[in-house]
Amino acid sequence: MRCIGKVELDYLKKLEPKERKFVATKIDTSERRYKKNFADIMEGMNREVIEKLY
Numbered sequence: 147m148r149c150i151g152k153v154e155l156d157y158l159k160k161l162e163p164k165e166r167k168f169v170a171t172k173i174d175t176s177e178r179r180y181k182k183n184f185a186d187i188m189e190g191m192n193r194e195v196i197e198k199l200y
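Position in the sequence shown (first residue = 1) + 146 = our numbering.
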């Protein structure tokens, strides 16, 4: 969802229950191998932008 990239995870609090059910119940943005691989693929981009895309 583009809104999460702009407003961050707080955006989820604004969703109606019927909309929220389409979003994962647990969102993991911790430093994991997958996140590192994602950042490596997006090399050359600003780190802040990568965080919002992830």
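C-beta: ideal position from N, C-alpha, C; glycine also.
Keep in mind the model is a prediction, meaning the values are calculated, not measured.
If you ignore the 5 residues before and after A185, its C-beta comes within less than 7 Å of the C-beta of I196, all in its own chain and listed in chain order.
R193 and P163 have their C-alpha atoms spaced approximately 32 Å apart. For K164, the enclosing alpha helix (DSSP H) has its first and last residue at P163 to R166. A185: member of the alpha helix (DSSP H) spanning R179 to I187, first to last residue.
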